[in-house]
Every structure is written in C-alpha cells, then in structure tokens.
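Residue numbers (this note's numbering), protein chains in the order written: chain A, 1205 to 1539; chain B, 1205 to 1539.
We treat Cβ as the ideally placed atom computed from N, Cα and C, and that holds for glycine.
These numbers come from a predicted model, not from an experiment.
Note sheet for the following structure.
Protein chains: 2
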Amino acid sequence: MNASPTTTTQVLLVRRPTGAPVLEDFRVAEAPLAPLADGQLRIRGHWLSLDPYMRGRMSDAKSYVKPVEIGGVMCGEVVGEVIESRHPGFAVGDLVAGDLGWQTVATSDGKGLRKILKDVPAAAQLSVCGMPGVTAWCGLLLIGEPKPGETVVVSGAAGAVGSIVGQIAKIKGCRVVGIAGGADKCRHAVEDLGFDACIDYKAGRLREDLKAATPDGVDVYFDNVGGEILDTVLARMNPFSRLPVCGLISQYNVTEPYGLRNFRSVLVNRIKMQGFIVFDFAARHPEAVKDLAGWLAAGKLKYRETIAQGVGSAPGAFIGLLAGANTGKQLVKLI
Amino acid sequence: MNASPTTTTQVLLVRRPTGAPVLEDFRVAEAPLAPLADGQLRIRGHWLSLDPYMRGRMSDAKSYVKPVEIGGVMCGEVVGEVIESRHPGFAVGDLVAGDLGWQTVATSDGKGLRKILKDVPAAAQLSVCGMPGVTAWCGLLLIGEPKPGETVVVSGAAGAVGSIVGQIAKIKGCRVVGIAGGADKCRHAVEDLGFDACIDYKAGRLREDLKAATPDGVDVYFDNVGGEILDTVLARMNPFSRLPVCGLISQYNVTEPYGLRNFRSVLVNRIKMQGFIVFDFAARHPEAVKDLAGWLAAGKLKYRETIAQGVGSAPGAFIGLLAGANTGKQLVKLI
C-alpha cells in the first residue's frame, strides 16, 4: 500500500481571459496537503471532465454561479478513488464523482460527492451517464418534448452533450439532424451515432444545407452554440416548436456578442425557448441516469472520448475544446 | 327604417409597404353589395379596431396567417349591428363582433362572428373585453405566470394590450413597471392606470431608468416591441423569469432587423421565452372575457381610447398607431 500523498498538483486560474483563454491564464502548481480533519476524505483523481461551461467560470460577468477566484483551483468534475477517509459515508476504495477541480488529489467534506455506478465504465460517468448525458436528457425531454416523427436539430453534434441528444432523439423516433464543425465530426455523427444527417457549418452553406436536411422544418432545436448558427436555425423553426438553450459556445470567447436577427421567428412561430442548466432539474437526475445507463447497456448509446494525459495538459485541452478540437467527451487522465 | 345599403366603403391594400406604410399603400373605394344568399347576413359597422399585428398582414413574409391580398380589403375586428339576415343564428338588431375588415358594411356567413356582451360598452368589446384584453390576459397569466410581489415589466405600456397587462399584474399583487414613448403616456400609466412606475424610453436613459425602477430585477417581461428595448430588459431579467413575446412593433417597419445582443441572459438566467398569439389559447378565452368583464364592472380596469372618425381615416390612424401616436386603444368610428 502506498503512503498517503503529501502534495497535490493543481491548475490555478491566474488571470481572467479576454476573448479566448490562453495558456498564460493558468498556472500548474504543487500544493501541500494538510492532515484530514474529522468529516473529511481524500480522493485520488482518475479522470477529469472538461466542459464548455468552465469558460463562464473564468469570467466575473454575472452568471448563475460564482466565478473561480484568481489564484483558485479551476472547477471541474472528477471521478476518483477514496484513498483516506475520516468521513462516515465514504470508505477507502470507494469510487466517487464530484466537483473536485483540476487537481490530482482532492480533499472533500463529502458534500456533492456521489458514489459512481458499478456497471458503467468510470470515465463514462463523466460523459454518457454523467453531467453531459443528464444535461442532454433533461434539455431534450423536459424542454424539447420531441414527438415521434418530428425533426430534431442539435448543434455541437459531435460533442459530449450533442452526441447524446441526437441519440436519445433517435430512440424517441425522431428525424435527427446534427450541426458540427468539420467533415470528420459529421461522418462520426451519421455513421457511428446514427444521425439522419449532419451539416458541416464550416463548409459555409449552413442555410442551404439546413434547408435541404430539414424538408419539414425544425420542431426541436437543442442549442449548444448560439450566435449565427442559432440565428440560421431560428429561420427554419416550425410553428409551436421548442428551443432548449443549453450552451452558447460560439459566444464564450467573443468580446462583442453576435446580434441575433431572426428573433421575429419566436413570435411568428410561437417558439418556446428556454435556457437551462442541468442542476435546475436535480429531482429528475436519478431517472435520467437510469435511462442513460439502460440505453448504454443495451448498446443504444455510443460515445467517443478525446483523452489528454496528465493534469498539466488540462489547460491546452480546454483551449482546444472551446475551439472544437475534440470529438465526443474531452477528458483528462489524471493517473 | 332605412332601406338596406347597396354599397360599402372599403379600404383596400394596393401595395405592400417597404418599411413604414404610407397613405399610398391604401385606397378607399366604393363596392356594390350583392343580395344576400342563404346563410349570409349583413352588418353595419360601428367600430373598427386598429392593431399593430395588421402591419404583418400587409407583408408577404412567412407568418402565422396569410397576408391580405393586393386589392383586397384590409383585415380588422369590427363591432356592428346586423341589418339584414338570412342566417338562422343572427337576427336584425343583433350586435356582433368579428373580423369584418376595414369597411362600413360587411357581408358574412357567420363564421367567427360572436354576439357581444350585453353589459360592456360596444367599443370596449374591441379593447378591454376584446382581442387586446384577452391577449393581455393569456400572455401574462398563462406564459408570464406572475406571482404576488414579483416585478412585471411591460412595454407598449400605454397601448391597448400593455395597459391591460399592467393592470392585471397589479390585480395579481405585482410591482408593475411600464415602458412607453413620451411623458404623457407614462403619466397616464402611473396616474390613471396605477402602474408603480413608467419609463419614457424616448428620454434616452432606458438602461439606467430601468435599473432604478426594478431594484429587484425583472421576473416577467411582457414584450410588445422587440428590438433594443427587449435587448435592454433582457439584461435585467432574474433567474427563472418568464418572457411572453406578444409583439415586435419596433421591428414591423424596419427593413433591417435589430440584432439582439443580450441573448446570453436567456441561458444564464434560464429564462422561459415564448411567442404567442391570442388564438393559440382559444379554449381559455371565455374565462379571460369573464375575468376582464368582471374587473371592468368592479372598476378595477381603466382604459382610454383614441378615436378616428370614418373609415377613410383608418390608413392615417394606422400609420400613427405604428409610430406610437395613440394612447390606449386605437379605434375608428365607422358610423
């Protein structure tokens, strides 16, 4: 048995970015670990999840949660193993998940920590059966309310959330059209994930391609990106369509927000548009995880991971994620 | 008893406007009246309602209903008296309301025609207890869902819909802030209609004035105008706020739509935004009219009318309505 570690390697936020984050906004540092107090436990991280929402936490603009402090550890979901515990609810060897931050070893009081599912691969607890999967389930089913035969469009289609949104919509009997950046991602969405079509917005014909791919218009648009893509899809929405707003990744790095010109469609088509974050539906999470784990076990959900090695690679991987460099879930292997 | 009229005076749409409509887009013309067929009835109009939505019907852009045809009679709600009937459901002397168009005498097959309430002034059946009032009731209560103590903001606050929205919100125990164009309209909203505050957006300090008038943020924004005012209010919305989109009058006459820059607030504050038209809630209309007539009888709803004389004055009055020249309900007295 190894001795308990005495230090943790952390990624700190040292500067708030203007526009796209750069490596200099982060610093990798070693920090000592104090002995555990009563009620605390220590976790060695195995996998760190990188997600677009983290860009928001780097800014101090008003948002739904407090930003990461300057000099503080970047926030992020981690799956890891309990290596020391003075907490009655957790024992050494337990596999847990929670917001433990960008670091190799975390100290926790157990709040917000959950034991992970036994039959699902550890990393999948950060994707299909974790926050991205639950986000897809909640936004699509609770706000989007897709009916069989309807057309569902999802942007960020090859990303951690979008790839699950499209597959759930297929399970529900919908026609599914993805929007993604690049031919490889689009091929992945159609050939591996089973989307009916996927549009490469980088090809520069989004309006025409979307029209061709949605001959009956759009009944649900699950938006992960905002900006010009949202504007273009707005013009294709059907009467009484639904538009869950999950993310605005195209806008996270810009200093001047895109001006949305097709807002008129909201009135003309009586669109129901709703912003949400996964925590708004906490009461439904067990049901979501049960569905997702069931579909995964039945081979109905496929997923891909892009893996960076070591906590020190997290800043670069995160910068790449915001630029669309990943396909599927972006993870950092911590051990 | 007068002989039945043999002609009707009509306002025709003769050209689709680009930008703001002008008088030359309309023509006033006399048309002969054919003898009634079985199942038809003839109505002499007393009051014609002018409403912003009519601007949409003048364009052939895709919308929720077909546009008025070139050479066709402008559409519009009329209250009038049955002067001749070969319809079993209507007798001479009945007072009725329906979409009979901009004309002095209309011929109808009875479809969409309703007998008006006995205890409500005829013109009020086109405002408080008519389409604008029902629109206010449906949008505010069914989409806005205001709770006592919440802050409700409404634009077009001195208009036919906005003035009722604010008064219903007061009845429901909310703090009500109007937005209107000009000091007179704002004084009317506060002093006559009982709004807690009303902001004159023409004063050029909308952002600052809105902040001062909504110290606890905005829980419901009932939008009649779109554009820059919507954009400004978006930035004041509270978490889990609601935003019924009823009209976009600021955008009806523009050739280049305003680019909405504060869309991020929809995600950050998890706003529920929904476009609607009054007909979407047809099943709830009887309940709405009952409430409105009850509040009116109890002295809880006040309204103002701006009245133009004669069907020939309708084009000018309508152009003025789009420019905000009216306070309260814009009517045309037909007789």
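What are the residues that DSSP puts in a beta bridge with residue i?
i	result
residue 1425 of chain A	A/1357
residue 1404 of chain B	B/1384
residue 1310 of chain B	B/1247
residue 1379 of chain A	A/1355
residue 1509 of chain A	A/1533
residue 1213 of chain A	A/1234
residue 1318 of chain A	A/1301
residue 1267 of chain A	Beta-bridge pairing links residue 1267 of chain A to no other residue.
residue 1277 of chain B	B/1216
residue 1192 of chain A	Residue 1192 of chain A lies beyond the stretch modelled for chain A, which goes from 1205 to 1539, so this question has no answer here.
residue 1252 of chain A	A/1282, A/1536
Residue range of the beta strand (DSSP E) that residue i falls in?
i	result
residue 1235 of chain A	1230-1236
residue 1458 of chain B	No beta strand (DSSP E) holds residue 1458 of chain B; DSSP gives it neither H nor E.
residue 1303 of chain A	1299-1303
residue 1329 of chain A	Run containing residue 1329 of chain A: none; DSSP gives neither H nor E here.
residue 1208 of chain B	Here residue 1208 of chain B belongs to no beta strand (DSSP E), and DSSP marks it neither H nor E.
residue 1493 of chain A	It is not in any beta strand (DSSP E) - residue 1493 of chain A instead sits in the alpha helix (DSSP H) that spans 1489-1501.
residue 1287 of chain A	1281-1289
residue 1223 of chain A	Unbroken run through residue 1223 of chain A: none, as it is neither H nor E.
residue 1477 of chain A	1476-1479
Along chain B, which residues have their Cβ under 8 Å away from the Cβ of residue i?
i	result
residue 1464 of chain A	1463, 1464, 1465, 1467
residue 1268 of chain A	1443, 1472, 1473, 1474
At 7 Å on the CB atoms, spell out the chain A contacts of residue i, in chain order.
i	result
residue 1470 of chain B	1449, 1477, 1479
From what residue to what residue does the alpha helix (DSSP H) around residue i run?
i	result
residue 1259 of chain A	1258-1261
residue 1522 of chain A	1518-1526
residue 1449 of chain B	No alpha helix (DSSP H) contains residue 1449 of chain B, which is instead part of the beta strand (DSSP E) from 1441-1449.
residue 1371 of chain A	1364-1375
residue 1471 of chain B	1468-1472
residue 1438 of chain B	1431-1438
residue 1412 of chain B	1410-1417
Nearest to residue i by alpha carbon, out of the options?
i	options	result
residue 1305 of chain A	A/1530, A/1533, A/1516	A/1516
residue 1339 of chain A	A/1510, A/1538, A/1456, A/1256	A/1256
residue 1483 of chain B	A/1292, A/1473, A/1272	A/1473
residue 1208 of chain A	A/1223, A/1311, A/1270	A/1311
residue 1344 of chain A	A/1374, A/1435, A/1319	A/1374
residue 1268 of chain A	A/1479, A/1497, A/1498, A/1507	A/1479
residue 1534 of chain A	A/1242, A/1279, A/1336	A/1336
residue 1240 of chain B	B/1428, B/1313, B/1280	B/1313
residue 1444 of chain A	A/1462, A/1469, A/1403, A/1456	A/1469
residue 1251 of chain A	A/1283, A/1494, A/1491, A/1449	A/1283
residue 1350 of chain A	A/1442, A/1223, A/1298, A/1454	A/1442
residue 1486 of chain B	B/1346, B/1430, B/1452	B/1346
residue 1531 of chain A	A/1421, A/1393, A/1428, A/1505	A/1393
residue 1226 of chain B	B/1539, B/1520, B/1538	B/1520
residue 1294 of chain B	B/1308, B/1280, B/1245, B/1303	B/1245
residue 1513 of chain A	A/1525, A/1536, A/1492, A/1529	A/1536
residue 1405 of chain A	A/1274, A/1307, A/1507, A/1454	A/1454
residue 1407 of chain B	B/1301, B/1388, B/1419	B/1388
residue 1215 of chain A	A/1490, A/1228, A/1319, A/1222	A/1228
Does residue i come within less than 7 Å of chain E when only Cβ atoms are used?
i	result
residue 1251 of chain B	In the structure shown, chain E cannot be found, because the protein chains are A and B.
Q: Could you please tell me which residues of the region 1473-1496 of chain A, in chain order, have their CB closer than 8 Å to any CB of chain B?
A: 1473, 1474, 1475, 1476, 1477, 1478, 1479, 1480, 1481, 1484
Q.
If the cut-off is 9 Å on Cβ atoms, which residues from the region 1440-1462 of chain B count as contacting chain A, listed in chain order?
A. 1443, 1444, 1447, 1449, 1450, 1451, 1452, 1455, 1460, 1461, 1462
**Q.** Positions along the region 1418-1439 of chain A whose CB lies within less than 7 Å of some CB in chain B
**A.** 1430
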